[in-house]
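Positions in the sequence shown are counted from 1; adding 858 to them yields the working numbering.
Positions of the beta carbon are idealized from the N, C-alpha and C atoms, including for glycine.
The next block holds one structure in the form of structure tokens; read it before the comments.
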Amino acid sequence: METVELAVPDGQLGSGLTILVGANNSGKSSVIEAFDAVYRATRQSAVSFAADRRHGGEDREVQIRLNRLDGRSIGVETLRAGTSEARVVWDGDRSSTDRVPIEVTVLPSRRQFAAYFSRYGEADRGWASTGGNEFSRSQNRDAFVARLFALHENEDRLTTFNQLLREVTGRSLTWSIDLGAQQQYFLRFSEAGGGSHTSDGLGDGLISLLFILDALHDSTPSSLIVIDEPELSLHPQYVARLGALLARFAADRQIVFATHSPSLVDWMCIANGARVARIYKEDGRSIIAQPRRETLQAIASGHLTNTHNPHVFGPRGNEVFFQEDGLLVLEGQEDVIYLPTVLRSTGLNLEGSVFGWGAGGAARVATVLTLFRELGFRTVAVLLDGDTQTLKIRSELKSEFPEYCIESHPGDDIRTKPAQRERATKPGLLTDDGKSVRPEHVKDTTATLTRIDTYLRSR
């Protein structure tokens, strides 16, 4: 049985985020389905799993358990191998009827509803999991419109919702529900300064955003919100803003999401306590690898203070969370840039994927490899420079990571570098510890940034 340890919010931005990463078809959506099954178990005495949902054959069983910090738990387990029917288990006691208070909102990756709709649906926060219906990744979510009707009829909630919509889209949008000539309802979106769309012409990204913002706007600190691929069909700027919004909400509530977006792996959130779990396939089975908090904290603190190589775990570096096995780690960005030249010159073509823009120096390779080991990567190669100091590091790495291939090329560096003169000291805007603006610059800096902010908001 595989386990995911969820982040626990402590008031800091993103501290309650749990980020599920991995390549396509690794099993991330199956984990999302498990949360949905747990929610249905809180509402029903039995849960059913069709044969094609038991992933692996008609004789397979399903066992899911959600453990709380207070020691209580709720589980779902099939009655016996080969049946679709499952029982709900409370605190390990199959006969217990004492239900665990839990609020779970699960959003599947397909977040669409018919452009023209009726008042049919479920206004409850658990609208996607009610009625005993099995979780589906492909169907339209027409029942969701009941949530929109309830929102539309509550001015305070609608104001809050529209503020979130403005925060992600960067522009003022208002929407209303209207009735067409065929006695079917539709959405009408209006933009400040003119222009409008009906739900028939609304982009998939904005429709998907309605679902996500609805799950957030009336949630509480006791909420557990689970989202499959929140970035789908969204513009990169929207993805970045949505990530910031999720981080803010995750300061005091638990949010779990599966993603393929490097932009949604935020190291500031990880420094604050967010967790990452990589899901990958091994011998046809989905495995969950979750780095230790100490490893994540070491990477996060190093990344956030690495002024010379901030790109090591920037968007390109974060792509490693979504790659399959077979990684090549180089020392730095010049090695990544010049590797194609080396390969052309030698007539070789290396298999595998190069990690980002390098590790940020030979001394940082061990930290990177520790993360990769804990993420479950089995095949990792390292190519270092051949100078005396780096060869010593290579020897240490071969001892610490015997399962990986650690090599050096014969040159002292990837390219010849001329000697450099020392540079004169330049006083900075920040204090010497880099933690705040120098007191004598606070007033002018505030005025400068205010002018920039006023300009950006004037569009």
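Asked: Taking Glu1013 as part of the alpha helix (DSSP H), name the residues at either end of that continuous run.; Found: 1013 to 1027
Asked: Taking buried to mean at least 16 other C-beta atoms within 10 Å of its own C-beta, is Asp1318 buried or exposed?; Found: Outside the shown range of the chain (859 to 1317) lies residue 1318, about which nothing can therefore be said.
Asked: Whole beta strand (DSSP E) runs in the region 1017 to 1097 with 3 or more residues, listed along the chain?; Found: 1031 to 1037, 1043 to 1049, 1054 to 1056, 1081 to 1086
Asked: Just to confirm the assignment: which complete beta strand (DSSP E) runs, minimum length 3, are found wholly within the region 1134 to 1182?; Found: 1143 to 1147
Asked: To which residues of the same chain is Arg945 closer than 7 Å at the C-beta, ignoring the five residues directly before and after it?; Found: Ala904, Glu935, Leu937, Arg952
Asked: For the candidate residues Tyr978, Tyr1096, Tyr1138, whose alpha-carbon lies nearest to that of Gln1042?; Found: Tyr978
Asked: Are the CB atoms of Arg918 and Ala892 within a distance shorter than 9 Å?; Found: no
Asked: How would you write the range of the beta strand (DSSP E) that Trp1125 sits in, first residue to last?; Found: It is not in any beta strand (DSSP E) - Trp1125 instead sits in the alpha helix (DSSP H) that spans 1125 to 1129.
Asked: Answer yes or no: do Ile1085 and Ile960 have a C-beta to C-beta separation smaller than 9 Å?; Found: no
Asked: Ignore the nearest five residues each way along the sequence and tell me which others in Thr876's own chain have a CB closer than 6 Å to its CB.; Found: Leu864, Ala865, Val1114, Arg1133
Asked: Excluding sequence positions up to five away, which residues of its chain have a Cβ less than 6 Å from the Cβ of Ile1251?; Found: Ala1220
Asked: Taking 7 Å as the limit between beta carbons, can you name the residues of its chain near Asn1130, skipping five residues before and five after?; Found: Gln870, Leu871, Gly872, Ser873
Asked: Would you kindly work out how many angstroms separate the C-alpha atoms of Ala1098 and Ile1137, rounded to a whole number?; Found: 23 Å
Asked: Quick one, which of Asp1243, Pro1198, Pro1260, Ser1316 has its alpha-carbon nearest Arg1231's?; Found: Pro1260
Asked: Using 9 Å as the threshold, is the C-beta distance between Leu1082 and Glu1089 below it?; Found: no
Asked: Apart from the five residues on each side of it in sequence, which residues of its chain come closer than 6 Å, Cβ to Cβ, to Asp1193?; Found: Gly1216, Ile1272
Asked: Take the Cβ of Pro1149 as the centre, count every other Cβ of all protein chains shown within 10 Å, and call the residue buried at 16 or more, exposed below.; Found: buried
Asked: With a cut-off of 8 Å on the beta carbons, I'd call Ala1008 and Ala986 a contact; round off their distance for me.; Found: Actually they are not in contact, since the Cβ atoms of Ala1008 and Ala986 sit about 15 Å apart, beyond 8 Å.
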